[in-house]
Amino acid sequence: MNHEQNAGNQPRKNKIRERKQNMLITVDKRGSINLPASLRRQLGLAAGACLDLSIGDGGTVILQPVAVYPAIHLNEHGLAKLKAARESGATAMPDWLTDEVARAETDPD
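Residue numbers for the sequence shown follow numbering that gives the first Met the number 0, so the first one is 0 and each next one is one higher.
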């Protein structure tokens with residue numbers, strides 16, 4: 000551990016690196032883990048945040064924060080109805096729906 004001497008020649012922790020590199024986290028009986036509050040604050044994770052889990056070399060578990068945006072999935076018939084509604088000009092759709100329609104793809108199911 001790095002120590003510096005203060006004015007009274009007492010060792011003190013070097014505050015340059017206070018962040019822990021390794022943390023012991025327990026898996027509960029449901030398979031859930033709890034991330035320490037200090038880590039959640041450091042990563043800016045709030046309740047409901049999504050993490051992408053992947054397995055790296057040697058079985059390393061990798062968690063990365065990700066943003067998840069809702070999507071509308073329509074089949075070809077649904078897309079055709081939306082297109083006809085847009086082109087009719089009968090009413091204006093809300094901006095959020097217009098954005099979703101612009102990103103819509105065919106749902107293979």
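Every residue gets a Cβ at the ideal spot worked out from N, C-alpha and C, and that includes glycine. None of these values were measured; they are calculated from a predicted model.
query                                                                                                       : result
Start-end ranges of the beta strand (DSSP E) lying completely within the stretch 46-101, minimum 3 residues : 49-54 and 60-65
Candidates Gly47, Ala103 and Leu38, of which the one nearest His76 by Cα                                    : Ala103
Asp98 versus Pro69, Met22, Leu62 and Ser31, residue with shortest Cα-Cα distance                            : Pro69
Option nearest Leu38 by Cα separation, candidates Ser31, Ile24, Arg85 and Lys80                             : Ile24
Length of the line joining the Cα atoms of Pro93 and Asn21                                                  : 47 Å
Gln63 vs Leu50 beta-carbon contact at 8 Å                                                                   : yes
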